[in-house]
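In this note's numbering, the protein residues as written are 14 to 151.
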Amino acid sequence: MAVTPAQMTTVSTQEFVGVYWRGDQHGQGCAEASSMEGLPGADPDDWYLNRIVITPPECRGSGIGGEMIERLKLRVAKGGGRRLLVEPGGYDSDLGVQVRFYEKHGFKRTGADHLWVCELLLGKVSGPGYDQNGMSAR
């Protein structure tokens, strides 16, 4: 399933980033993150991935989620975010599948049991589709 830029929309403020996909037929999805600034114990440059959802399930595995997460990481990094955190689990997807997805996109497990983090150092994004300087290879 090819994803065209026209099918994705990115919305952002200083405290929120959302990437939304609308497929040709019946597919849709979203990836949303919020700034953790002001939360007790949080670094002001940390962001939390609230959710990434693709429906219907038949659309999963097609690269849409990967494109959404990479766009979200880039927008957060451009806004000064240094780390994007996520806790895999929930919804109707296998935990192992979720963990492999996040690892593929640059997330690493922290010391906390269920917390994974993607470093967005100096506004540069790492992971598939990005070179060693954090520039998109697309």
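For every residue, glycine included, the Cβ atom is placed at its ideal position computed from N, Cα and C.
Taking C-beta atoms as the reference points, residue 24 and residue 60 fail to come closer than 9 angstroms.
In the structure shown, the three-state DSSP call for residue 29 is strand.
When beta bridges are read from the DSSP output, residue 61 appears opposite 47 and 98.
Closest by C-alpha distance to residue 112, out of 95, 130 and 96, is 130. Annotated as distal: residue 83 and residue 50, with beta-carbon spacing of 9 angstroms or more. A distance below 8 angstroms between beta-carbons, with the five flanking residues on each side excluded, links residue 43 to the following residues of its chain, in chain order: 31, 32, 33, 34, 64, 65, 66 and 81. Pairing residue 56 with residue 96 gives a Cβ-Cβ distance under 9 angstroms.
Annotated three-state conformation of residue 109 is helix, per DSSP. Contact between residue 127 and residue 101 holds: CB atoms are separated by about 7 angstroms, below the 8 angstroms threshold. Here residue 47 has 28, 29, 60, 61 and 63 as same chain residues with Cβ atoms under 7 angstroms from its own Cβ, once five neighbours each way along the sequence are excluded. Residue 132: member of the beta strand (DSSP E) spanning 129-132, first to last residue.
Residue 58 and residue 36 do not touch by the CB rule: their CB atoms are close to 34 angstroms apart, not below 8 angstroms.
Shown here for residue 123: same chain residues with a beta carbon closer than 6 angstroms to its own, the five before and five after excluded, namely 130 in chain order.
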